[in-house]
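A.B. asks: Once you know that position 53 of the sequence shown is 52 in numbering that gives the first Met the number 0, the rest is easy, because the numbers rise by one and skip nothing.
All C-beta atoms, glycine included, are put in the ideal place defined by N, C-alpha and C.
Bear in mind that the values here come from a model prediction, so they are computed numbers and not experimental data.
I'd like to ask some things about the structure below.
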Amino acid sequence: MDDEVSDEMLIDELEALVNLDSDRVQTWEDDITTPTPCPNGTPVVADGSAPPTSPSQAESKIEAAKWTSARSALLVCRELVRTERSYLTGLRDVQARLAASTSDYIVAHLSALIQASERLLSQVEQNPSAKGVAQAFLDAEQDIEAAFVGWCSVVGQFFDGEEGMSVAQPEECVSGHIKTSQRLRRRVNSLVSLVDSFRSRESGPAMRELAILPVQRIVRYPLLFKSLSAAPESSTEPDIQKASDLALDLAHKCDMAQRTVTFVQEVPSDSDAL
Numbered sequence: 000m001d002d003e004v005s006d007e008m009l010i011d012e013l014e015a016l017v018n019l020d021s022d023r024v025q026t027w028e029d030d031i032t033t034p035t036p037c038p039n040g041t042p043v044v045a046d047g048s049a050p051p052t053s054p055s056q057a058e059s060k061i062e063a064a065k066w067t068s069a070r071s072a073l074l075v076c077r078e079l080v081r082t083e084r085s086y087l088t089g090l091r092d093v094q095a096r097l098a099a100s101t102s103d104y105i106v107a108h109l110s111a112l113i114q115a116s117e118r119l120l121s122q123v124e125q126n127p128s129a130k131g132v133a134q135a136f137l138d139a140e141q142d143i144e145a146a147f148v149g150w151c152s153v154v155g156q157f158f159d160g161e162e163g164m165s166v167a168q169p170e171e172c173v174s175g176h177i178k179t180s181q182r183l184r185r186r187v188n189s190l191v192s193l194v195d196s197f198r199s200r201e202s203g204p205a206m207r208e209l210a211i212l213p214v215q216r217i218v219r220y221p222l223l224f225k226s227l228s229a230a231p232e233s234s235t236e237p238d239i240q241k242a243s244d245l246a247l248d249l250a251h252k253c254d255m256a257q258r259t260v261t262f263v264q265e266v267p268s269d270s271d272a273l
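Shown next as structure tokens:
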């Protein structure tokens with residue numbers, strides 16, 4: 000997938016090809032001479048052969064609908080690949096900028112996040128179709144879940160302070176055109192509030208980015224797969240729907256992981272109560 004080719008340029012080129020095929024069909028229809036009846040009742044054209052049957056208007060409308068659905072899925076797949084690349088680049092940049100004194104515990108979790116992203120990106124780049132993207136996500140399920148849930152279960156321990164916990168809108172982190180269900184919005188709001196809290200806490204730039212990047216990525220997965228599964232043709236593919244459900248489940252598990260840590264940290268110990 001070439002990042003130098005914008006979505007608009009790609010769609011324009013593909014639509015030009017679709018229109019070219021339509022023009023060829025129209026030209027082909029115009030060039031057919033009026034058939035003349037034969038003694039046996041079979042019409043023929045000038046060269047004596049039977050005229051081919053032209054596509055009907057109904058078939059043309061079906062093809063147009065398929066193209067619209069395919070175009071939507073293509074744009075979502077491109078966004079998923081493009082943002083996964085950006086996310087992985089961000090993680091590697093953070094890894095390079097972490098201080099030498101950074102805890103091995105943090106480094107290990109960061110390495111797990113990088114490895115999970117590398118595996119997913121490697122597969123989706125081989126087959127960036129809707130089906131290919133969904134299958135890649137399903138194949139990398141265990142690595143992705145272990146990395147993200149593991150990170151969310153410990154990330155709050157690396158920061159001090161409780162300010163800045165206001166809830167942001169999920170559209171600030173993802174494309175505004177993607178609509179979410181009420182259940183998904185609740186998960187997203189909860190996770191994005193975690194991002195907001197890290198933005199305001201006292202810590203080095205690299206550590207703040209390390210806290211924010213994975214949570215932003217967790218937010219994006221269910222939104223992208225929900226949009227992908229909404230396409231008419233994709234809705235009949237079980238793997239795409241399964242990937243969408245898996246992404247939402249991942250957001251839920253990460254949400255619960257960070258909530259559990261917050262709860263444990265806020266519960267006073269017996270010594271504190273005395």
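#1: T101 by DSSP, collapsed to three states: which one?
#2: Would you check if the region 81-89 and the region 133-150 touch, i.e. whether three or more CB-CB distances between them fall below 8 Å?
#3: When the distance is taken between beta carbons, is P221 closer than 9 Å to C151?
#4: Of the choices A205, R81, S128 and A242, whose alpha-carbon is the least far from that of L90?
#5: Just to check my reading of the structure: S226 and V75 have Cβ atoms closer than 8 Å, yes? What is that Cβ distance to the nearest angstrom?
#6: Round the Cβ separation of V123 and L79 to the nearest angstrom and send it over; I've been treating them as touching at under 8 Å.
#7: Beta-carbon within less than 7 Å of Q134's beta-carbon, same chain only, minus the 5 sequence neighbours each way: which residues are those?
#8: Hey, would you say A72 sits closer than 9 Å to A111, going by beta carbons?
#9: Do you know offhand how far L223's Cα is from K241's?
#10: When the Cα atoms are used, what is the spatial distance from S68 to P127?
#11: For R258, I'd like the list of residues in its chain whose CB is within less than 6 Å of its CB, leaving aside the five on either flank, ordered along the chain.
#12: What are the complete alpha helix (DSSP H) segments, minimum 4 residues, inside the region 103-137?
#13: Relative to the alpha-carbon of A246, which residue among A230, E236 and R216 has its alpha-carbon at the smallest distance?
C.D. replies: In brief:
#1: coil
#2: no
#3: no
#4: A205
#5: 5 Å
#6: 7 Å
#7: D238
#8: no
#9: 13 Å
#10: 16 Å
#11: none
#12: 103-125
#13: R216
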